[in-house]
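Visitor: Quick one: this structure, given as structure tokens, is what I'll be asking you about.
Residue numbers (full-length UniProt numbering): 1 to 317.
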């Protein structure tokens, strides 16, 4: 199968390109500019690279996908802790909703068979209270990023309904793995430096997803032709607490995490006083995800365990 991948130079994109190549697919990595830096070129070795410029400015999206069997759309305007746009919802809609609609229309016009869109668990909401999010839940996005991803899912479903294109939206929680520079990597860095962390009392339940599981879910979606359109919630098999995450990171890095007790409520209060309330919420609140899909015969399961994913992160980071 010949697969075009948008967002191929990003953290998830590099892993998806490698996973598809390893599975025997021919990959066209759509990149903003060429030439690529040495590390990016090495990560995409084996794929055909195609320079696109700014995807939001392309008029003829069908031309991007000439001769392509499938599209994996990863490019996005991501959630930002420090939003710099005067109209965040409009900015997210342009980069996420409108672009997804135009790319899906272009893929349908080009005769592409399958379109996989990487969405976010933020479509479901920001937190859970005892019941994990699942594919059957009503969407409740709470910020512009989540709204734009939900609208993009609906746009893809609409294109599939009026064309021969088969589509899948894959919602994921926070991703971790080698090469990521997100929150988990920052925790790992703090643990390696021996910094004390006031997280021993945090017994929340938060589901994440190893990047290898994201790749696996995307490959499953490309191979599954049972539905015209389907939704998948891809995640690790079980949730973990922030304290457990820190201990696992320390064990994988060979440096035990230095955790100190602090009531989560006090931790959140202190964080808000210094403008870090959102970060504290992520460290202390629950966000559980149940691996699930909208298709009646959905059968994907995450092949990478939490411990394996953390070891891979520590070895590669």
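Glycine residues also receive a C-beta, built at the ideal position from the N, C-alpha and C atoms. These figures come from a predicted structure and were not determined experimentally.
If you scan the segment 140-171 from start to end, which runs of the alpha helix (DSSP H) of 4 or more residues do you find wholly inside it?
Guide: Runs found: 144-161.
Visitor: Excluding the 5 residues preceding and the 5 following residue 292 in the sequence, name in chain order all residues of the same chain whose CB lies nearer than 6 Å to its CB.
Guide: If we look at residue 292 and ignore the five residues flanking it on each side, its Cβ neighbours are 134, 135 and 233.
Visitor: Here's the rule: buried if 16 or more other CB atoms are within 10 angstroms of the residue's CB, otherwise exposed. What is residue 45?
Guide: When all chains shown are included, residue 45 counts as exposed.
Visitor: With H, G and I counted as helix, E and B as strand and the rest as coil, what does DSSP make of residue 133?
Guide: Of the three classes helix, strand and coil, the one that applies to residue 133 here is strand, per DSSP.
Visitor: Tell me whether residue 92 sits in a helix, a strand or coil according to DSSP, three-state version.
Guide: Three-state result, residue 92: helix.
Visitor: Can you give the Cα-Cα distance for residue 57 and residue 195, rounded to whole angstroms?
Guide: So the two alpha carbons sit approximately 45 Å from each other.
Visitor: Please determine, among 312, 12 and 77, the residue with the shortest C-alpha to C-alpha distance to residue 248.
Guide: Ranking 312, 12 and 77 by Cα distance to residue 248 puts 312 first.
Visitor: Would you give the residue range spanned by the beta strand (DSSP E) that residue 51 belongs to?
Guide: Element bounds for residue 51: 48-51.
Visitor: Who are the Cβ neighbours of residue 115 in its own chain at under 6 Å, not counting the five residues just before and after it?
Guide: Hits under 6 Å: 71, 104, 107, 165 and 167.
Visitor: Given a cut-off of 8 Å, decide if residue 207 and residue 289 are closer than it, judged by their beta-carbon atoms.
Guide: In this structure, residue 207 lies closer than 8 Å to residue 289 by Cβ.
Visitor: Check whether the segment 218-237 and the segment 185-202 are in contact - that is, three or more C-beta pairs closer than 8 Å.
Guide: Taking 8 Å as the limit for Cβ pairs, the verdict is that the segment 185-202 does not touch the segment 218-237.
Visitor: Across the segment 171-183 and the segment 120-135, are there enough close Cβ pairs to call them in contact, namely three or more that are closer than 8 Å?
Guide: Yes, they touch.
Visitor: Determine the extent of the alpha helix (DSSP H) in which residue 244 is found, giving its start and end residues.
Guide: Residue 244 -> alpha helix (DSSP H) spans 242-253.
Visitor: Tell me, which residues are paired with residue 29 by DSSP?
Guide: Answer by DSSP bridge pairing, in chain order: 5 and 49.
Visitor: Leaving out five residues before and five after residue 263 in sequence, what residues of the same chain have Cβ atoms less than 8 Å from its Cβ?
Guide: Here the set comprises 201.
Visitor: Is the beta carbon of residue 280 sitting closer than 8 Å to the one on residue 230?
Guide: No, these two residues do not count as a Cβ contact at 8 Å.
Visitor: If you measure between the beta carbons of residue 9 and residue 40, is that distance less than 8 Å?
Guide: Yes, the Cβ-Cβ distance between residue 9 and residue 40 is below 8 Å.
Visitor: Return helix, strand or coil for residue 196, following the three-state DSSP convention.
Guide: DSSP places residue 196 in strand when its eight states are reduced to three.
Visitor: Bridge partners of residue 73, per DSSP?
Guide: According to DSSP, which records beta bridges pairwise, residue 73 is partnered with 6 and 117.
Visitor: Quick check: the Cα distance between residue 112 and residue 1, rounded to an integer number of angstroms?
Guide: Near 11 Å, if we compare the C-alpha coordinates of residue 1 and residue 112.
Visitor: State the Cα-Cα distance for the pair residue 315 and residue 158, rounded to the nearest angstrom.
Guide: So the two alpha carbons sit approximately 42 Å from each other.
Visitor: Taking residue 310 as part of the alpha helix (DSSP H), name the residues at either end of that continuous run.
Guide: Counting along the chain, the alpha helix (DSSP H) containing residue 310 begins and ends at 306-316.
Visitor: Going straight from the alpha carbon of residue 156 to that of residue 256, what length do you get?
Guide: Approximately 46 Å, taken between the alpha carbons.
Visitor: Does the Cβ-Cβ distance between residue 11 and residue 180 come in under 8 Å?
Guide: Cβ distance < 8 Å, so residue 11 and residue 180 count as in contact.
Visitor: With which residues is residue 209 paired in a DSSP beta bridge?
Guide: 175.
Visitor: Could you have a look at residue 292 and say whether DSSP puts it in helix, strand or coil?
Guide: Correct three-state label for residue 292: strand.
Visitor: For residue 36, which three-state DSSP category applies?
Guide: The answer is coil: DSSP assigns residue 36 none of H, G, I, E or B.
Visitor: For residue 301, count neighbouring C-beta atoms within 10 Å of its own C-beta (all shown protein chains included) and say buried if the count is 16 or more, exposed if not.
Guide: The residue is exposed, with fewer than 16 neighbouring Cβ atoms inside 10 Å.
Visitor: In the DSSP assignment, the beta strand (DSSP E) including residue 233 goes from what residue to what residue?
Guide: It spans 229-233 - the beta strand (DSSP E) in which residue 233 sits, taken as one unbroken run.
Visitor: Taking all protein chains shown into account, do 16 or more other C-beta atoms lie within 10 angstroms of the C-beta of residue 33, making it buried, or fewer, making it exposed?
Guide: By the neighbour-count rule (16 or more Cβ atoms within 10 Å), residue 33 is not buried but exposed.
Visitor: Thinking C-alpha only, which one of 268, 25 and 284 is nearest residue 277?
Guide: Closest option to residue 277, Cα to Cα, is 268.
Visitor: May I ask which residues mark the beginning and end of the alpha helix (DSSP H) holding residue 11?
Guide: Counting along the chain, the alpha helix (DSSP H) containing residue 11 begins and ends at 11-22.
Visitor: Tell me whether residue 330 sits in a helix, a strand or coil according to DSSP, three-state version.
Guide: Given that the chain is displayed from residue 1 to residue 317, the structure contains no residue 330 and the question cannot be resolved.
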